[in-house]
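Reading through the structure tokens given below for one structure.
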């Protein structure tokens, strides 16, 4: 599959909450190298399970990235910009 087809499929399958999470990550990248999940939960006003589910789907489409290590958080991938 081509890059554009994958990207199109991703954006057609995302809802308003997914875009809310992407905007929160984008806003907070100015302050954090890796945006902590607690910040995302607090600003989105969603519970932890909902945020985890939304971020897993964003990760499936390669719109966000989870670095391995002590810090739990995520970054935007090039596709998520």
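In my numbering, the protein residues as written are 72 to 152.
Just so it is clear, CB atoms sit at the ideal spot from N, CA and C, and this is done for glycine as well.
Label residue i either buried or exposed according to how many other C-beta atoms from any shown protein chain fall within 10 Å of its C-beta, with 16 as the threshold for buried.
i	result
residue 129	buried
residue 134	buried
residue 83	exposed
Less than 8 Å between the C-beta atoms of residue i and residue j, yes or no?
i	j	result
residue 115	residue 143	no
residue 125	residue 89	yes
residue 149	residue 81	no
Can you tell me the Cβ-Cβ gap for residue i and residue j, rounded? I've got them flagged as a contact below 8 Å.
i	j	result
residue 122	residue 111	6 Å
residue 95	residue 145	In fact, because the Cβ distance is near 10 Å, the residues do not count as touching under 8 Å.
Report the rounded CA-to-CA distance for residue i versus residue j, giving the unit in angstroms.
i	j	result
residue 147	residue 93	8 Å
residue 108	residue 78	24 Å
residue 137	residue 106	10 Å
residue 98	residue 113	14 Å
residue 104	residue 85	25 Å
residue 139	residue 120	20 Å
In the DSSP assignment, what are the bridge partners of residue i?
i	result
residue 83	According to DSSP, residue 83 bridges with nothing at all.
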